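> Got a structure for you, questions after.
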Amino acid sequence: MNLTLDIVFIIAGFALLIFGGDVLVRVAVQFAVRYKIPPATIGLTVVAAGTSLPELVTSIVAALQGNADIAVGNVVGSNSFNIMAGIGLACLIRPNRVQKSALKIEWPFLMLITIGLYLVSTDLLIGRIDGSLMLFVLVAFFWYAVKNAKKIGLEVEDEDIPAEVKDSVAKDLGLLVLGLIALIGGAELTLTGAINLGKYFGLSDRVIGLTIVSAGTGLPELATSAMAAYRGRDDIAIANVLGSNIMNILAILGVTSLITPLQVNSDIVNYDMIVCMIVTFILLPMMLKKVRSIMRWEGMILLGMYIAYVASLL
């Protein structure tokens, strides 16, 4: 095992993730302006789906290899990572204002399906019927989100849209593909190096799935939200995390369990899913404040919670 090469993979992966996250944010804003869709909705759907691809690929491969601990732990760990590290870092960079839809629609829906995942998993099996139901709920939610976005629209007239924005559809699609490739490639490089390091230090599959794999596949969300916050697009930063967590539960576990039923480790159900529910719930008081912004000190708390959680697993 070449530890030096693994470290190079991780560094190169981080570089690709930062680049891909920046490109994805720029393209998302362009699409939002062109089609008069709120950027938060683009972050909730297109960006969230794109940044969740590494989790999808990783969980499917792990499940097909008979390693359900990594497949399920990847999703549960990524959701916790996205909230504690993703939103935490984004808010540390810049206080993030919470959109009304995040408080009224996305967060309640995420909380509901997070609890639902726990209840479905109490028999230690996520079967094909469970997966089919998850995918049905996902399609219904996305249909509602897009329909609601079109109803709200953007307060902008067609003539207010710059000509370069109108005429750059093909360019934006190319950049979107480039950004997604960079994110997936960066996650793959980081993941390969991180898993090798984890095995070198003797970590179990459950711990590798909940920490190294989930953090590695969650890096696209972290990179995208961090770059969105840096550019002042907090409407995308928070929506991306909420949308990605929704995608992780409904799409990734839905598709994976449809391909092959997933045996769930009792430790994941009794500890890690409960942690995931707690950190999802903790977002509520942070978003309900009068200023409706998650502040830097709250971002530090979220990051501290993630460090404590990882320490509890090691």
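Take the position in the sequence shown, starting the count at 1, then add 1377; the result is the number in this note's numbering.
Just so you know, even glycine gets a beta-carbon here, dropped at the ideal spot from N, CA and C.
Being a predicted model, the structure only gives us computed values, none of them experimental.
Kindly indicate which residue of Ala1392, Asn1647 and Arg1474 has the alpha-carbon position closest to the one of Lys1666.
Numbered from its first residue, the sequence shown carries residue 1666 at position 289. It is Arg1474 whose Cα lies nearest to the Cα of Lys1666.
> Specify the secondary structure class of Gln1407 as computed by DSSP and reduced to three states.
In the sequence shown, counting from the first residue as 1, residue 1407 sits at position 30. In the structure shown, Gln1407 sits in a helix (DSSP, three-state: H, G or I).
> In the segment 1610 to 1640, which residue ranges form an unbroken alpha helix (DSSP H) of at least 4 residues, counting only runs that do not cross its ends?
For the segment 1610 to 1640, whole alpha helix (DSSP H) runs of length 4 or above, ordered along the chain, are 1611 to 1624 and 1630 to 1636.
> Using DSSP's beta-bridge definition, name the partner residues of Arg1474.
What you label residue 1474 is simply residue 97 of the sequence shown in a count that begins at 1. Arg1474 pairs with Ser1670.
> So what does DSSP say about Leu1480, is it helix, strand or coil?
Here residue 1480 refers to the residue found at position 103 of the sequence shown. Correct three-state label for Leu1480: helix.
> So Gly1593 and Thr1567 are supposed to be a Cβ contact under 8 Å. How far apart are they, rounded?
Locating residue 1593 in the sequence shown gives position 216, where the first residue counts as 1. Locating residue 1567 in the sequence shown gives position 190, where the first residue counts as 1. Confirmed, about 5 Å.
> Under 8 Å: do the segment 1594 to 1609 and the segment 1453 to 1473 share three or more Cβ pairs, one atom per stretch?
Touching, per the Cβ criterion.
> Indicate whether Gly1710 and Gly1556 have their beta-carbon atoms separated by less than 7 Å.
In the structure as shown, the chain begins at 1378 and stops at 1691. Residue 1710 is therefore absent and cannot be evaluated.
> Based on Cα-Cα distance, which residue from Ile1503, Ile1671 and Tyr1648 lies nearest to Ser1634?
Within the sequence shown, residue 1634 is the residue found at index 257, counting from 1. Of the candidates Ile1503, Ile1671 and Tyr1648, the one whose C-alpha sits nearest the C-alpha of Ser1634 is Ile1503.
> Is Val1632 near Val1449, with beta carbons less than 7 Å apart?
On the sequence shown, residue 1632 is found 255 positions in, with the first residue counted as 1. On the sequence shown, residue 1449 is found 72 positions in, with the first residue counted as 1. No, they are not a contact pair.
> Any contact between the segment 1652 to 1664 and the segment 1452 to 1461? By contact I mean 3 or more CB pairs, one from each, below 8 Å.
They touch, by the three-pair rule.
> When the Cα of Leu1553 is compared with those of Ile1447, Glu1483, Leu1401 and Gly1570, which residue comes out closest?
As a first step, residue 1553 must be located in the sequence shown, where it is residue number 176. Among Ile1447, Glu1483, Leu1401 and Gly1570, the Cα nearest to that of Leu1553 belongs to Leu1401.
> Are the segment 1571 to 1580 and the segment 1435 to 1443 in contact at 8 Å, needing three or more beta carbon pairs?
With the cut-off at 8 Å, the segment 1571 to 1580 and the segment 1435 to 1443 do not touch.
> Just the C-alpha distance for Ile1561 and Pro1597, rounded to the nearest angstrom, thanks.
The residue labelled residue 1561 in the question sits at position 184 within the sequence shown. The residue labelled residue 1597 in the question sits at position 220 within the sequence shown. About 8 Å.
> Determine the DSSP secondary structure at Leu1691, reduced to helix, strand or coil.
Here residue 1691 refers to the residue found at position 314 when the sequence shown is read from its first residue. Residue state, collapsed to three classes: coil.
> What do you get for Glu1536, buried or exposed, if any count of 16 or more other CB atoms within 10 angstroms of its CB means buried?
In the sequence shown, residue 1536 corresponds to position 159, counting from 1. Any reading at Glu1536 must be qualified, since the residue scores a pLDDT of 40, below 50, and its modelled position is unreliable; the value itself is stated next. Exposed, by the Cβ-count rule.
> Taking Gly1620 as the reference, give the member of Phe1519, Gly1563, Arg1505 and Met1672 with the closest Cα.
In the sequence shown, the residue the question calls residue 1620 occupies position 243. With distances taken between Cα atoms, Gly1620 lies closest to Phe1519.
> To the nearest angstrom, how far is the alpha carbon of Leu1494 from that of Asn1617?
Within the sequence shown, residue 1494 is the residue found at index 117, counting from 1. Within the sequence shown, residue 1617 is the residue found at index 240, counting from 1. Rounded to the nearest angstrom, the two C-alpha atoms are 20 Å apart.
> What's the C-alpha gap between Leu1394 and Ser1643?
Residue numbering aside, residue 1394 sits at position 17 when the sequence shown is read from its first letter. Residue numbering aside, residue 1643 sits at position 266 when the sequence shown is read from its first letter. Their Cα atoms are separated by approximately 33 Å.
> Please go through the segment 1437 to 1516 and give each complete beta strand (DSSP E) segment of 3 or more residues, from N-terminal end onward.
Fully enclosed beta strand (DSSP E) runs of 3 or longer: not present.
> Out of Leu1433, Ala1426, Ile1447 and Leu1430, point me to the one whose CA is closest to Leu1580's CA.
To locate residue 1580, count along the sequence shown from 1; it is residue 203. Among Leu1433, Ala1426, Ile1447 and Leu1430, the Cα nearest to that of Leu1580 is on Ile1447.
> Considering only C-alpha positions, which residue in the set Leu1639, Ile1678 and Ser1670 is nearest to Thr1499?
The residue labelled residue 1499 in the question sits at position 122 within the sequence shown. If we check each option's Cα against that of Thr1499, Leu1639 comes out closest.
> Is it buried or exposed for Phe1408, if we count other Cβ within 10 angstroms and need 16 for buried?
Residue 1408 sits at position 31 when you count from the first residue of the sequence shown. When all chains shown are included, Phe1408 counts as buried.
> Report the three-state DSSP secondary structure of Leu1580 (helix, strand or coil).
Looking up residue 1580 in the sequence shown gives position 203. Coil at Leu1580, not helix or strand.
> So is Leu1343 buried or exposed if we call it buried at 16+ other beta carbons inside 10 Å?
Within the shown structure, residues of the chain are numbered from 1378 to 1691, placing residue 1343 beyond reach of any answer.
> If you measure between the beta carbons of Val1514 and Asp1649, is that distance less than 7 Å?
On the sequence shown, residue 1514 is found 137 positions in, with the first residue counted as 1. On the sequence shown, residue 1649 is found 272 positions in, with the first residue counted as 1. No, the Cβ-Cβ distance between Val1514 and Asp1649 is not below 7 Å.
> Out of Ile1623, Trp1674 and Gly1681, point me to the one whose CA is closest to Ile1482's CA.
Here residue 1482 refers to the residue found at position 105 when the sequence shown is read from its first residue. Minimum Cα distance to Ile1482 is reached at Ile1623.
> Could you pull out every residue in the same chain whose Cβ sits closer than 6 Å to the Cβ of Gly1465, ignoring the five residues on either side in sequence?
By one-based count along the sequence shown, residue 1465 stands at place 88. Same-chain partners within the cutoff: Gly1676, Leu1679 and Leu1680.
> How long is the line joining the alpha carbons of Met1672 and Arg1583, rounded to whole angstroms?
The count along the sequence shown starts at 1 and reaches residue 1672 at position 295. The count along the sequence shown starts at 1 and reaches residue 1583 at position 206. Approximately 33 Å between the Cα atoms of the pair.
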